[in-house]
Amino acid sequence: MGAEADEGDLVAQAQRGDRAAFAELVQRHGPRLLRFLVTMTGDVHVGEDVRQEALQRAFLHVSQLQDKSKFGSWLLSIACNQCRTRLRAEVQRQHEGEERLADVAEGRRSALSSLVRREDAVRLALAIDRLPIVLREAFVLFAVEGLSYAEIAAVTATTEGTLQVRVHRGKALLRQQLGTQVDTWWARE
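Just so you know, numbering that gives the first Met the number 0 puts 156 at position 157 of the sequence shown, and the rest follows in order with no gaps.
See below:
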């Protein structure tokens with residue numbers, strides 16, 4: 000499969016069971032998917048586990064994808080759902096008495112280092128980890144991944160207005176934790 004292969008053709012081939020076509024699609028969308036999941040989970044190993052779960056689910060259900068041009072968004076929405084499930088289970092375990100480690104994985108710092116200086120990336124990663132799941136998801140998709148509200152709405156099945164509120168609230172909570180330095184990191188919104 001060459002890089003010149005049309006994504007719609009690759010999806011059609013994958014829907015007919017062509018594993019090489021699906022692998023090409025994963026190659027194209029995998030780095031963004033993993034970056035999102037590592038940022039959301041705070042751990043490169045957990046992010047990779049969730050990525051594998053999402054890819055397995057996508058492979059099993061690729062035949063259900065109707066708009067072949069939306070494979071990337073469809074795959075990201077599967078990953079979002081898998082990540083939500085994992086994070087909710089983690090929150091439940093925390094409430095049952097398990098303590099969470101405050102260690103930030105090296106991969107997490109790498110994912111954010113292009114946005115801020117390395118030492119600030121650690122503080123920011125920890126602050127993002129403290130956000131409620133729905134705020135974290137909206138904030139990461141918007142501020143880290145650079146998706147528009149319309150794109151995030153398609154991925155999360157949430158309205159653009161709700162997402163704007165979630166990003167704003169996430170930013171406000173980060174501002175409470177980190178001060179106004181957050182505003183200089185993201186002048187976008």
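From the three backbone atoms N, C-alpha and C, an ideal C-beta is built for every residue, glycine too.
Computed from a predicted model, the values in this text were never measured in an experiment.
Legend entry - Three-state secondary structure assigned by DSSP to R15: Start at 1 with the first residue of the sequence shown, and residue 15 comes out as number 16. DSSP places R15 in coil when its eight states are reduced to three.
Inset, instruction - Sort H28, G46, T158 and I77 by Cα distance to D59 and report the nearest one. - result: For this step, residue 59 is matched to residue 60 along the sequence shown. One detail in the question is off: residue 59 reads as Leu in this sequence, not Asp. Taking only the C-alpha atoms, the option nearest L59 is I77.
Inset, instruction - Spatial neighbours of V166 within its chain, please: CB distance less than 6 Å, with the 5 preceding and 5 following residues excluded, ordered by chain position. - result: Translated into the one-based positions of the sequence shown, residue 166 becomes position 167. Within the same chain, V166 has close Cβ partners A137, F138 and F141.
Inset, instruction - Classify S68 as helix, strand or coil using the three-state DSSP reduction. - result: Counting from 1 along the sequence shown, the entry for residue 68 is found at position 69. Note: S68 maps to helix in three-state DSSP.
Legend entry - Whole-number beta carbon distance between G145 and S68, since they are thought to touch under 8 Å: The sequence position of residue 68 within the sequence shown is 69, counting from 1. The sequence position of residue 145 within the sequence shown is 146, counting from 1. Actually they are not in contact, since the Cβ atoms of S68 and G145 sit about 19 Å apart, beyond 8 Å.
Inset, instruction - Go ahead and label Q175 buried or exposed: buried means 16 or more other beta carbons lie within 10 angstroms of its beta carbon, across all protein chains shown. - result: The residue you call residue 175 lines up with position 176 of the sequence shown. Label assigned to Q175: exposed.
Inset, instruction - Tell me whether the beta-carbon of V154 lies closer than 8 Å to the beta-carbon of S62. - result: On the sequence shown, position 155 is the one that residue 154 refers to. On the sequence shown, position 63 is the one that residue 62 refers to. Their beta carbons are not under 8 Å apart, which means V154 does not touch S62 by this criterion.
Legend entry - Rounded C-alpha distance that separates S147 from R18: Locating residue 147 in the sequence shown gives position 148, where the first residue counts as 1. Locating residue 18 in the sequence shown gives position 19, where the first residue counts as 1. For S147 and R18, the distance between alpha carbons rounds to 31 Å.
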